[in-house]
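In my numbering, the protein residues as written are 192 to 404. Every residue gets a Cβ at the ideal spot worked out from N, C-alpha and C, and that includes glycine. Predicted model, so just to flag it, every value in this text is computed and none were measured. Each remark here refers to the structure printed beneath this line.
Dropping the structure here:
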């Protein structure tokens with residue numbers, strides 16, 4: 192495939208992921224209505240992720256053209272301002288989950304499985320934050336080799352961790368959650384698949400973008 196084709200495929204996958212994330216937000220809200228405090232925070236996290244992805248995709252489209260994004264660009268400024276809040280919310284919810292694990296509220300759950308789950312979730316949060324932050328940092332210099340290499344590395348890591356998160360959402364941890372409804376499996380499975388595909392296609396678009404040897 193040509194560089195243009197890879198870029199087009201990546202953008203299609205990214206916009207499909209935006210739609211899927213908004214759909215996941217609506218599904219989680221509808222299936223858990225009326226939401227409790229934790230459920231509302233989880234829904235807010237998903238919606239915020241969709242908004243950040245909308246802005247990230249627009250900056251990414253320009254980056255892989257390649258065309259520099261000026262610092263006065265409104266989309267770039269919005270992305271720079273908002274993605275740290277998404278990461279903070281994700282870390283706060285992760286911290287609550289970790290507290291539940293460590294406080295012994297899940298005595299029947301396997302400690303090794305809980306440790307693996309917490310590690311994967313933290314890795315996912317940090318990798319996504321790095322993907323956002325790297326593009327923000329290097330958007331003004333799309334031909335800089337170091338920036339492309341760093342963004343590619345984080346996209347690769349994010350794809351692997353998105354796959355791991357998808358497996359966690361589909362395969363219940365003994366003592367942590369029961370068997371999930373079929374609708375949950377379809378919704379979360381499709382979202383995870385799109386996340387992995389979008390990350391890998393974005394990686395390929397970065398690697399084949401014009402001006403990169």
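Whole-Å CB distance - residue 349 paired with residue 306, under 8 Å assumed: By 1-based counting over the chain shown, the position of residue 349 is 158. By 1-based counting over the chain shown, the position of residue 306 is 115. Between residue 349 and residue 306, the beta carbon gap of about 21 Å keeps them out of contact (Cβ cut-off 8 Å).
Simplified DSSP state of residue 354, which is helix, strand or coil: Position 163 of the chain shown, counted from the first residue, corresponds to residue 354. Residue 354 falls in the helix class under three-state DSSP.
Sub-9 Å separation of residue 239 and residue 277 beta-carbons: Counting from one through the chain shown, the residue named residue 239 turns up at place 48. Counting from one through the chain shown, the residue named residue 277 turns up at place 86. Cβ atoms of residue 239 and residue 277: closer than 9 Å.
Rounded C-alpha distance that separates residue 323 from residue 274: Along the chain shown, one-based indexing puts residue 323 at 132. Along the chain shown, one-based indexing puts residue 274 at 83. Separation of residue 323 and residue 274 (C-alpha to C-alpha, rounded to the nearest whole angstrom) is 7 Å.
Close beta carbons around residue 235, own chain, < 8 Å, minus the five adjacent residues each side: Residue numbering aside, residue 235 sits at position 44 when the chain shown is read from its first letter. Only 280 meet the Cβ criterion.
Member of 254, 345, 317 and 326 whose CA lies at the smallest distance from the CA of residue 198: As a working note, residue 198 is residue 7 in the chain shown. It is 254.
Closest by C-alpha distance to residue 375, when choosing among 396, 215 and 304: Counting from 1 along the chain shown, the entry for residue 375 is found at position 184. 215 is the residue among 396, 215 and 304 whose C-alpha sits nearest the C-alpha of residue 375.
Backbone CA spacing between residue 231 and residue 282 [nearest angstrom]: As a position in the chain shown, residue 231 is number 40, starting the count at 1. As a position in the chain shown, residue 282 is number 91, starting the count at 1. If you draw a straight line from the Cα of residue 231 to the Cα of residue 282, it is about 16 Å long.
Reference residue 396; option with closest CA among 218, 221, 248 and 210: Here residue 396 is taken as the residue at index 205 of the chain shown, counted from 1. Closest by alpha carbon: 248.
Neighbourhood of residue 201 by C-beta distance below 6 Å, restricted to the same chain and skipping five residues each side: For the purposes of this step, residue 201 is taken as the residue at position 10 of the chain shown. Listed in chain order, the non-local C-beta contacts of residue 201 below 6 Å within the same chain comprise 392, 393 and 396, local neighbours out to five positions each way being set aside.
Length of the line joining the Cα atoms of residue 339 and residue 300: Counting from one through the chain shown, the residue named residue 339 turns up at place 148. Counting from one through the chain shown, the residue named residue 300 turns up at place 109. So the two alpha carbons sit approximately 41 Å from each other.
Nearest-angstrom Cα separation, counted from residue 313 out to residue 328: On the chain shown, position 137 is the one that residue 328 refers to. On the chain shown, position 122 is the one that residue 313 refers to. Going by the C-alpha atoms only, they are around 22 Å apart.
In chain order, each alpha helix (DSSP H) run of at least 4 residues that lies wholly inside the segment 223–305: With a minimum length of 4 residues, the continuous alpha helix (DSSP H) runs that stay inside the segment 223–305 are 228–254 and 265–293.
Assigned secondary structure, residue 312 (DSSP; H/G/I helix, E/B strand, else coil): As a first step, residue 312 is located in the chain shown; it is residue number 121 there, counting from the start. Residue state, collapsed to three classes: helix.
Which of helix, strand or coil DSSP assigns to residue 205: Here residue 205 corresponds to residue number 14 of the chain shown, with the count starting at 1. DSSP, read as helix, strand or coil, puts residue 205 in helix.
Coil, strand or helix - residue 164 by DSSP: One cannot answer for residue 164 here, as it falls past the ends of the chain, which runs 192 to 404.
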